[in-house]
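Below is one structure; the comments refer to it alone.
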Amino acid sequence: MTRPLKKSDEDDVSLYNWLGARVKRFVRWWRRFDARVNQPLPAGRSRFWTSLAPDGYPWYVPTLGLALITAMALGPTLRTEYANIAMLVLGLGLLLLIHILAERSRLLHAYLLAGQLFILVLLAAIHIVLAPPEAFGTDTQALRLHVGVAIAAMLAVSLGAVWTIARALFRTGTNGTLAHALPNVELFAPKDRYDFMGRGPVAALVSAFFIAPISHPVELLLPGSLLVLFVPDHYLWPGFIIAGAAAWCALFLGILFDRLMEVLKTVGRLFFVGPQFVISVLVIVVAVLRLADVHYITYLFNAGSGGYGNTTIMKYVALAYAVAWYYAFWSDHFVARRLMRLLEGKGGEFTPLSIAYPYKGDPNLSKVKNAGRSIALHGAGRLRIEGEYEDAYEAAGPALQFLTAAEVLTAFRSQLERLSAERTDTSHPLASVRNLQRSAFVYPAITGAFAFGLIGIPWAVSLFGAVQPPEMAVNRAPPADLDLLSLLQTEARPAGACPALGPDTPRIAVVASGGGTRAAIYTASLLRGLAQQGRICEVVAASGVSGGSAALAYFALHEDELRRPGPPDEAAWQRFSDTMALPFIEYVLDAASDMRIVFGRWRWRNAACGEAFSRNEEVVGWMPARSRLGSILAESFVCRMGAGVMADPSFGLILNTAMLGSFDAASGRCANGGLPLPEQVRKCRAEGNAAGAGGRVVLTNLRKPEASPAVGEGMEIVTLNDASLSIARAAALSANFPPVFPDAAIDLRPAPGSAARRYWVTDGGAVENRGAITLYFAVRETMRRSPQAEKLAPLHVVVADVSASDDRYAESFGFDSVLGAGGQLGLALGGELLADLKEIYCRRYSMITVHEIAMPAVLRNGGIGTHWLLPGSLTFTDPKTGERVTLSADDVKKLVVALHDNTAPAFDDPEDAARVLGWTREDVPSHQKSWQAVLRALSTPVSWPDSSSCARRPSGGAIYAP
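1 is the number of the first residue of the sequence shown in the UniProt record's numbering; add one for each residue after it.
As structure tokens, then:
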């Protein structure tokens with residue numbers, strides 16, 4: 001006796017049935033939509049339309065071909081130079097010609113893929129022949145050898161191999177096995193296939209809700225992740241949550257109703273199989289990092305310099321999916337065509353687009369009539385099974401079923417196993433069907449292996465085995481050799497456009513901390529403030545790290561218009577600020593798809609934008625040379641700042657990098673190998689020496705200190721002061737922040753008595769992010785070798801510090817101490833050195849004073865970022881009230897300038913800008929008070945100290961490499 005349903009159970013059943021009815025209605029609509037959208041284009045269309053899209057193929061076959069040809073011609077970032085437009089016209093013309101010929105030649109129509117691949121390979125070959133070695137901003141009208149060349153080669157090789165494998169796995173010489181068995185196999189879904197069976201609708205609803213994220217995590221996360229990559233930051237969480245909730249709802253219903261899950265799996269083939277799956281997982285990982293507010297990720301995606309998103313990354317993601325879809329379609333299409341030939345059983349020369357399906361089996365298995373059935377090729381590598389529903393069925397009309405090759409063969413096997421009485425009889429079709437089914441299951445693994453192997457293996461070989469061209473090559477002779485003592489002593493000479501400074505005139509040394517764009521625009525603002533106070537000629541030395549180095553490099557390169565007496569040239573200073581705010585990371589991303597960066601080239605260019613050019617470098621062996629991303633940053637610095645060299649500035653310039661390792665061409669088993677240094681390094685990678693890791697490689701125009709004999713007892717500092725050393729490249733090396741930029745190489749070319757040598761460096765902030773220690777060392781070493789009688793002018797060290805500060809404690813499992821130890825040790829060492837310098841100055845009847853001018857916390861903590869991109873808008877938060885204000889990029893630049901400016905700038909949004917400016921003046925310690933204190937100190941008459949009052953203090957130490 002059955003238990004009667006309770007009222008709550010009846011309600012649950014009603015809810016389930018209500019959902020099921022709407023799902024059934026949607027799925028029927030979807031099948032009609034699928035049949036229309038994915039069907040091969042019909043014959044009988046006009047010549048115009050057939051020339052755009054040939055008959056017998058879905059519309060997206062020519063569309064994907066067009067997309068790849070466009071990417072091949074214009075590059076992944078869609079460059080529109082004349083050479084690229086010419087390539088596009090050629091590619092589109094050839095594509096149109098192939099489509100026209102395909103309508104006249106059945107053979108060419110059957111091998112349309114070969115025609116498309118021919119166009120891609122031809123365009124790739126033209127790029128290989130005509131594209132010169134690349135450098136940012138150089139040969140801008142020429143073709144660039146981009147990663148599309150490798151993609152074209154991969155598609156040609158892999159699809160050719162996959163076509164051969166499909167022919168081998170699904171041979172037509174099987175005596176018509178499938179064709180003979182087809183009339184006995186029901187390919188439509190059996191009756192009641194989708195009906196809910198059993199009791200417990202509550203359990204079904206609840207379990208489906210919780211099973212969805214467990215069984216389909218990637219499918220659940222991808223829709224929201226795609227939105228997260230491309231929406232502004234204030235829409236991140238709403239977009240992710242809404243898209244995730246929609247995906248959860250769809251998966252929940254799919255688990256409840258199999259008919260909907262079949263639809264979801266069909267859509268999922270675009271994202272969750274083969275190479276597309278790997279791309280989708282990477283998208284999810286990056287999106288999660290952005291949601292977690294990982295700074296390296298969020299700053300790239302929050303907003304591009306144009307104000308919305310990062311279009312370059314959008315293009316890369318779109319191209320990756322387009323290539324994966326193209327490869328997946330043709331791979332699946334090969335199998336579908338082979339299966340159609342097997343089902344036809346005639347072994348003709350060409351594959352039929354549609355065949356009759358003469359089903360003669362049990363008519364009660366499905367709700368579809370036996371008569372009038374057909375099987376046709378369909379999109380996404382599927383077969384379309386079409387028939388008519390029984391007259392009594394509620395959905396009278398055409399019945400549609402879409403099956404992949406594996407699903408068709410699974411249906412064959414399951415039904416033949418039930419019908420077969422002699423399963424071990426090898427002459428029975430069941431044996432052949434099993435073999436074909438195994439082939440259908442292994443085929444996707446083979447196609448995926450080819451795709452990943454042909455891209456992954458060359459990339460891995462290039463990543464770990466390619467030659468690394470240097471970001472900078474140093475000639476060693478002659479040195480710049482500027483004497484720091486002559487800049488600090490009371491008796492001074494004219495320097496550049498500046499007159500000789502008087503004995504009582506203070507000297508200024510600017511220390512610019514690291515911090516990418518934030519440090520660059522802040523240092524530019526501070527220097528501009530000194531110029532407006534008439535103090536810019538008193539700047540006699542400068543030491544920088546990362547973004548601070550970039551600002552100091554620009555200042556040195558444009559010294560003639562920036563460092564001069566009299567009223568400042570406001571236009572020149574505005575150009576300074578504008579250049580520091582340029583989106584250098586976008587330049588890097590745009591050029592990151594060059595072949596020289598991804599896989600490498602056998603030639604590379606050693607100069608950009610006005611640098612002295614000798615000849616293109618090239619490898620001797622077979623392994624290509626793969627440039628690093630830092631090369632693009634260095635070249636963009638040269639093009640946007642200038643091509644000046646260390647011999648030009650009249651003030652002391654110190655640009656700091658962090659040492660990672662070195663390679664001596666004269667030591668080890670590779671000595672005297674006769675190879676160029678880059679290839680010698682690759683051949684003898686194990687000979688690299690990391691003993692100096694954590695030391696400094698200093699790029700400067702100052703005289704090199706004497707080598708210290710006791711190597712190994714202190715911090716190793718390598719000083720490079722070649723007169724022809726590029727200032728902009730030196731700044732880029734100082735700003736080579738990890739992990740975005742890999743280790744950068746500096747090559748010292750051989751000189752009489754010295755073998756070639758390579759140093760690997762990274763961002764100077766990895767050692768000490770202020771740049772003060774190197775300056776203190778330089779001043780102390782200068783004083784040690786100078787006569788005691790030399791009189792020194794007072795020195796004011798102005799530290800422009802933009803380091804982010806977060807004093808809040810949170811559990812870090814020790815990482816906060818690991819990451820912060822270097823900064824603390826740097827401050828300790830800086831304090832010791834400063835104490836030494838105060839004693840030295842005091843004994844020479846002078847004084848040294850340090851002024852800390854930190855950027856207001858509201859601008860650096862969660863405000864202006866560090867990674868060479870000033871977004872179109874930035875949001876600032878009042879640290880006291882939590883109020884948030886969003887300003888445009890132009891207003892942000894004006895705001896930073898206003899920190900050291902006597903005149904109020906004309907803001908685009910004066911009310912909000914004034915509010916943020918007010919927050920900066922509430923900073924503790926007050927930036928405004930510190931700045932005014934500097935100006936007062938510079939204007940106060942010198943009070944010479946008595947040497948008898950100088951305290952004696954022990955000296956610190958540094959080891960200088962020869």
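By construction, the Cβ of each residue, glycine as well, lies at the ideal position given by its N, Cα and C atoms.
Item	Value
Could you pull out every residue in the same chain whose Cβ sits closer than 7 angstroms to the Cβ of Cys498, ignoring the five residues on either side in sequence?	Cys537, Arg563, Arg564 and Pro565
Note down, in chain order, each residue of its chain lying with its Cβ closer than 7 angstroms to the Cβ of Glu344, except the 5 sequence neighbours on either side.	Ala179, Pro352 and Ile355
Compute the beta-carbon to beta-carbon distance between Trp573 and Gly661, rounded to the nearest angstrom, for a pair I have assumed lies under 8 angstroms.	The Cβ separation is near 40 angstroms, so there is no contact.
Within 10 angstroms of the Cβ of His295, are there 16 or more other Cβ atoms? Answer buried if so, exposed if not.	exposed
Comparing C-alpha positions only, which one of Met595, Phe350, Thr490 and Glu706 sits nearest to His109?	Phe350
DSSP on Tyr111, reduced to helix/strand/coil?	coil
By Cβ distance, which residues of its chain are closer than 8 angstroms to Thr426, with the 5 residues on each side in sequence left out?	In this prediction, Thr426 has a pLDDT of 47, which is less than 50 and means its spatial position is unreliable; what the coordinates show is noted afterwards. Answer for Thr426: no residue qualifies.
Report yes if the C-beta distance between Leu64 and Trp237 is below 8 angstroms; otherwise report no.	no
Helix, strand or coil for Gln39 per DSSP?	coil
Taking only the alpha-carbon atoms, compute the straight-line gap between Gly725 and Ala658 and give it to the nearest angstrom.	Correcting the residue type first, residue 725 is Leu in the shown sequence and not Gly. C-alpha separation (whole angstroms): 18 angstroms.
Can you tell me which of Gly91, Ile848, Phe412 and Trp248 puts its alpha carbon nearest to the alpha carbon of Asn435?	Phe412
Tell me the rounded alpha-carbon separation between Asn736 and Gly863.	22 angstroms
Please state whether DSSP places Ser650 in a helix, a strand or coil.	coil
Inspect the CB distances between the segment 628–642 and the segment 129–149 and report whether three or more fall short of 8 angstroms.	yes
Judging by CA-CA distance, which residue of Phe907, Ala168 and Gly652 is the nearest neighbour of Leu487?	Gly652
Do Ser52 and Pro62 have their CB atoms nearer than 8 angstroms?	Residue 52 is actually Leu in this sequence, not Ser. Cβ distance < 8 angstroms, so Leu52 and Pro62 count as in contact.
Hey, how far is the Cα of Val942 from the Cα of Pro794?	8 angstroms
In terms of residue numbering, what span does the beta strand (DSSP E) encompassing Val61 cover?	Run containing Val61: none in the beta strand (DSSP E); it sits in the alpha helix (DSSP H), Tyr60 to Leu74.
Going straight from the alpha carbon of Leu484 to that of Thr523, what length do you get?	22 angstroms
Alpha carbon to alpha carbon, how far is Leu702 from Val147?	42 angstroms
With Glu852 as the anchor, note down where its beta strand (DSSP E) starts and where it stops.	Ile848 to Ala854
If you draw a straight line from the alpha carbon of Tyr587 to that of Leu733, how long is it in whole angstroms?	16 angstroms
Taking CB distances under 8 angstroms as the criterion, tell me whether Val718 reaches chain D.	In summary, chain D is missing from the structure at hand, where a single protein chain is found.
Below 8 angstroms, how does it come out for the segment 587–605 and the segment 679–694: are there three or more Cβ pairs, yes or no?	no
Output yes or no for whether 8 angstroms exceeds the beta carbon distance between Leu938 and Leu917.	no
State the DSSP-derived secondary structure class of Leu19, mapped to helix, strand or coil.	helix
Return helix, strand or coil for Ser354, following the three-state DSSP convention.	strand
Applying the criterion that 16 or more other CB atoms from any shown protein chain within 10 Å of the CB defines a buried residue, is Arg884 buried or exposed?	exposed
Per DSSP, Asp763 forms a beta bridge with which residues?	Thr657
Cutting at 6 angstroms between CB atoms, please list the residues of its own chain near Arg373, excluding the five before and the five after it.	Tyr357, Tyr359 and Gly387
DSSP puts Asp664 in a beta bridge; with which residues?	Arg757
Could you tell me the distance, in whole angstroms, from the CA atom of Gly20 to the CA atom of Leu260?	10 angstroms
Secondary structure at Glu716, three-state DSSP: helix, strand or coil?	strand
Give a yes or no on whether the C-beta atoms belonging to Ala392 and Val368 are separated by under 8 angstroms.	no
For the segment 829–839 against the segment 567–584, are there 3 or more C-beta pairs whose distance is under 8 angstroms?	no
By the three-class DSSP mapping on this structure, what secondary structure does Ser627 have?	coil
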